[in-house]
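Encoded as structure tokens, the structure appears first; notes follow it.
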Amino acid sequence: DTAVSQTPKYLVTQMGNDKSIKCEQNLGHDTMYWYKQDSKKFLKIMFSYNNKELIINETVPNRFSPKSPDKAHLNLHINSLELGDSAVYFCASSQDGRATGELFFGEGSRLTVL
Amino acid sequence: AQSVTQLGSHVSVSEGALVLLRCNYSSSVPPYLFWYVQYPNQGLQLLLKYTSAATLVKGINGFEAEFKKSETSFHLTKPSAHMSDAAEYFCAVKHSSASKIIFGSGTRLSIRP
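Going down the list, the protein sequences come from chains C and B. According to the numbering used here, the stretch in the first sequence is residues 1105 to 1218, in order. According to the numbering used here, the stretch in the second sequence is residues 3 to 115, in order.
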């Protein structure tokens, strides 16, 4: 039973398209995150939600819009995809974003923009 | 501002040899520190964490790390490398009252037979 699950695992699309990645966690955690990992493995936080409230919003193009319908779900919608958006996107969750904050990661969604 | 620096983007050791992956942090207040491991095509998983208790922290798979405030370091070690240890390792830092965890650039560990 997967703790943090993301769909789809692979996404190949053309420039200019819009796509979404979904994430669900069954750990009962309060906080969820989106991280972007580039081709050099560098991990950068994008967004974080705590109980459906946006608490971290890094410098990310506004083509990226997170949505959290409830504390177990955090989706990422990307408009007008660009080549530079190609990366692996990881969803993660933690029990309390302001405590020791151990992160539990999904397996990633590899986005390729052609 | 917090940050971590991982020295060496790639480390190669022989099977059975000591593993040493280096991490230095920058933080104006005592931080929480983490080591995560990422196996190919998988997400990251926690190896160990330091949260201001014991300075020597033991983690999974025989790894341990020592918090040294005077050196602002949190190096990861394992006495004897195993082939299954080949992966990408990330050091990370978090301020106690902050929400976000900042990751280092990662170190790829290769194990030679």
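Note that CB positions come from ideal geometry on N, CA and C, so glycine has one too. Note that this is a predicted model, so its numbers are computed, not measured.
| Residues of chain C with a CB under 8 angstroms from the CB of B/S107: which are they? | K1144, K1145 and F1146
| query | Counting Cβ pairs closer than 8 angstroms, one from the stretch 1125-1141 of chain C and one from the stretch 1175-1187 of chain C, do we hit at least three? | reply | yes
| query | Quick one: Cα of C/Y1193 to Cα of C/E1186, how far? | reply | 15 angstroms
| task | Can you give me the Cβ contacts of C/Y1114 inside the same chain, cut-off strictly under 7 angstroms, excluding the 5 residues immediately before and after it? | result | R1214
| query | Would a check of beta-carbon distances place B/K102 closer than 7 angstroms to chain E? | reply | Among the chains of the structure shown, chain E does not appear; the protein chains present are C and B.
| task | Could you check the C-alpha separation between C/S1198 and C/L1207 for me, to the nearest Å? | result | 5 angstroms
| Using a C-beta to C-beta distance shorter than 9 angstroms, which residues of chain C count as neighbours of B/F92? | K1145 and L1147
| Would you say B/L9 reaches chain C, if we count a Cβ-Cβ gap shorter than 7 angstroms as a contact? | no
| chain B contacts from the stretch 1149-1172 of chain C (Cβ-Cβ distance under 9 angstroms) | I1149, S1152, N1154, I1159, I1160 and E1162
| Helix or strand or just coil, what does DSSP make of B/M85? | helix
| query | When the Cα atoms are used, what is the spatial distance from C/F1146 to B/T7? | reply | 12 angstroms
| query | By how many angstroms is the C-alpha of B/V21 removed from the C-alpha of C/T1216? | reply | 34 angstroms
| said: What are the residues in the stretch 37-57 of chain B lying within 9 angstroms of chain C by C-beta distance? | reply: Y38, Q40, N43, Q44, G45, L46, Q47, L48, K51 and T53
| task | Measure the CB-CB distance between C/S1152 and C/Y1139 and report whether it falls below 7 angstroms. | result | no
| Counting only beta-carbon atoms, is C/E1206 nearer than 7 angstroms to chain B? | yes
| If B/S16 sits next to B/R114, beta carbons under 8 angstroms apart, how far is it from one beta carbon to the other, in whole angstroms? | 5 angstroms
| task | Spell out whether any CB of chain B is found under 7 angstroms from the CB atom of C/G1046. | result | The requested residue 1046 of chain C does not occur in the structure, where chain C is confined to residues 1105 to 1218.
| query | If B/L78 sits next to B/W37, beta carbons under 8 angstroms apart, how far is it from one beta carbon to the other, in whole angstroms? | reply | 5 angstroms
| said: Does B/A26 come out as helix, strand or coil in the three-state DSSP assignment? | reply: Sequence check: residue 26 of chain B is Asn here, not Ala. B/N26 falls in the strand class under three-state DSSP.
| message | How far does the beta strand (DSSP E) with B/Y41 in it extend, from its first residue to its last? | response | Looking at the DSSP string, B/Y41 is not in any beta strand (DSSP E), and its letter there is neither H nor E.
| Rounded to the nearest angstrom, how far is the Cβ of B/F76 from that of B/Y27, given a contact under 8 angstroms? | 6 angstroms
| task | Pull up the distance between the alpha-carbon of C/D1142 and that of B/G108, whole angstroms please. | result | 12 angstroms
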